[in-house]
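Okay, so here's the structure we're looking at.
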Ligand SMILES: [Mg+2]
C-alpha cells in the first residue's frame, strides 16, 4: 500500500519550485522587465516617490494614469490619507475581501488600524460594508468569530458572502440538482451545502485503500447518483480523491440513477498559494483545482471571484445596491480586481496581502485597479 499526490507532497514540492522560480526570476525576468516592462514600471512606481534617472540622479516624478472603460474614472490612482475621502465620496457600498485585507494572508497577522477604519467607514460616513471571500476554509459563523478576534465586533452574518454559501446557492438555485455532490473540500463547504438541503459527501480523509492495483481500485466506493463534483481547499487530497473526481466527471452516470450528467465546479482557481513564514510556501485552492482539472480534462465552473456569481448573490440579498456607487477592495489582481471588472464596478487594490507594487507595475493598464493603497488602515486616519 502506498500513497501519492498527498497534500504534504504538494506542499514540499511547491517550496522547491518557488526557490527555483526565484532563481529564474533573477536571471531572466529582470531582462524582460527592462525591455518591455519599463514603461509600466516607470509610470507606476513613479506614483510612489522618486525614480533613478539615466544619469543616476534622483528626481521627483509625476504620476500617470490610464482610464477605466467601465466608469471613466482615473485608473490606478494612489489613495493616501490626503485624497481618500474625496474619492470615497463616490461610493455608497464597499465590498471587501478578507484574507490580505482585514487580516494577513496567513490568517493570523494583524493589519494596522483595520477595526478603526471599518468602524469609521460605516458609522461616521454611512458606507454599507459587505465582505466577499473566496476562502472555503471557514463558514460564515467562523468568519464572525474571526472578525471579533481581530477587534471588529460590528459585522453581521448577512454582511458576509462566503464562497461555501454561494456554492450551495448555485447548486440548489441555479443548477437545481437533486442528486448528490462529491466534495473535495472542507467541513465548512459540507455544512453550507447541507444547510441548503444539498446531499453531499467526501469531506475528510478518503476511506478507501490507496493502491495502484487495478482490481483493488475497482473495489473503491462510488455513488451512482453524483450530479456534481465541487472542489475547494482540501488538506486531505490524495490519489483516491483525484481518481474518484475524474471518474464522476468523465463517466456517463449509471442508468436508473436519475442523473443525466455530472457538473464540475470549483470555489475558485486563481489563489495558488501563500508564504506562511520560515521560507515555507503553502499551496492553496487553485493548486488543488488544477490537479482535478488535469485529471478529468475539463475546466470547472467557478463559483467565487473573479466569477460575477458572488455579485448576483449580493444583489439577491441587497437589491438596491447601485453598481455605479459600489467599489470592490481586495489584495488580488486575478481574483478581486478581475471580479470588479467582470461585474463592471470600480476597484481598489491594497498592498497588504498577495500583491506588491512591483507586481502591480508589471501588469497592463487594462488589468489595473481604479485605485491602489497600502492598506484599508489608511481610512482610519484619512477621513
Ligand atoms: Mg485576499
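Numbering (the working numbering), first residue to last: 1273 to 1655. Yeah, the Cβ is synthetic: ideal placement off N, Cα and C, and Gly gets one too.
Give me the residue from the options with the minimum Cα distance to residue i.
i	options	result
residue 1399	1381, 1369, 1363	1363
residue 1666	1609, 1642, 1647, 1640	Residue 1666 falls outside the range modelled here, since the chain spans only 1273 to 1655, and no answer is possible.
residue 1590	1489, 1465, 1430	1430
residue 1443	1503, 1424, 1419, 1523	1503
residue 1677	1420, 1408, 1418, 1451	There is no way to answer for residue 1677, as the model of the chain reaches only from 1273 to 1655.
residue 1540	1560, 1417, 1614	1560
residue 1371	1650, 1607, 1428	1607
residue 1545	1556, 1536, 1552	1556
residue 1385	1643, 1624, 1631, 1633	1624
residue 1432	1416, 1359, 1446	1416
residue 1373	1631, 1621, 1630	1621
residue 1616	1446, 1627, 1641, 1626	1641
residue 1494	1378, 1453, 1542	1453
residue 1604	1411, 1643, 1526, 1380	1643
residue 1448	1562, 1353, 1412, 1499	1499
residue 1366	1632, 1597, 1548, 1635	1597
residue 1396	1383, 1379, 1421, 1361	1361
residue 1520	1470, 1456, 1632	1456
residue 1566	1383, 1548, 1522	1522
residue 1375	1486, 1418, 1501, 1488	1418
residue 1602	1635, 1586, 1647	1647
residue 1542	1572, 1527, 1536	1572
residue 1506	1538, 1630, 1487	1538
residue 1527	1548, 1636, 1496	1496
residue 1368	1636, 1618, 1600, 1619	1600
residue 1382	1401, 1412, 1420	1420
residue 1379	1580, 1348, 1414	1414
residue 1465	1517, 1633, 1412, 1489	1412
residue 1582	1394, 1403, 1347	1403
residue 1614	1634, 1509, 1626, 1639	1639
residue 1492	1611, 1470, 1517	1517
residue 1509	1563, 1550, 1626	1563
Quickly, what does DSSP pair residue i with across the bridge? List them, please.
i	result
residue 1473	1454
residue 1644	1350, 1621
residue 1434	1405
residue 1574	1538
residue 1399	Residue 1399 pairs with nothing; no bridge assigned.
Pick out the complete alpha helix (DSSP H) segments inside the region 1587–1631, 4 residues or longer, and give them in chain order. Here the runs fully enclosed are 1610–1615.
Counting pairs of beta carbons, one from the region 1433–1440 and one from the region 1570–1578, are three or more of them closer than 8 Å? The region 1433–1440 vs the region 1570–1578: in contact.
Can you list, in chain order, the stretches of the alpha helix (DSSP H) that have 4 or more residues and sit fully within the region 1496–1555? Those alpha helix (DSSP H) runs which fall completely within the region 1496–1555 and span 4+ residues are 1511–1522.
Indicate whether the contact test is met: 3 or more Cβ pairs, each with one atom in the region 1461–1480 and one in the region 1496–1513, closer than 8 Å. They touch, by the three-pair rule.
Let me have the residue list for ligand 1: C-beta closer than 7 Å to any non-hydrogen atom, ordered along the chain. Any residue whose Cβ sits closer than 7 Å to a heavy atom of ligand 1 makes the list: 1369, 1370, 1371, 1372, 1373, 1377, 1602, 1603, 1604, 1607, 1608, 1625, 1626.
In the region 1356–1384, which residue ranges form an unbroken alpha helix (DSSP H) of at least 4 residues, counting only runs that do not cross its ends? Positions of the alpha helix (DSSP H) runs, each at least 4 residues long and wholly inside the region 1356–1384, are given as 1356–1360 in order along the chain.
Pairing CB atoms from the region 1479–1488 with CB atoms from the region 1452–1461, are three or more of them under 8 Å? In short, these stretches do not touch, since the Cβ pair count stays below three.
Could you tell me whether the region 1531–1549 touches the region 1582–1602, using the rule of 3 or more Cβ pairs below 8 Å? Under the three-pair Cβ rule at 8 Å, the region 1531–1549 does not count as touching the region 1582–1602.
Does the region 1416–1433 come close enough to the region 1375–1394 to have 3 or more Cβ pairs within less than 8 Å? They touch, by the three-pair rule.
Specify whether the region 1647–1655 and the region 1348–1361 touch according to this definition: at least 3 beta carbon pairs, one from each stretch, less than 8 Å apart. Contact holds: three or more Cβ-Cβ distances are below 8 Å.
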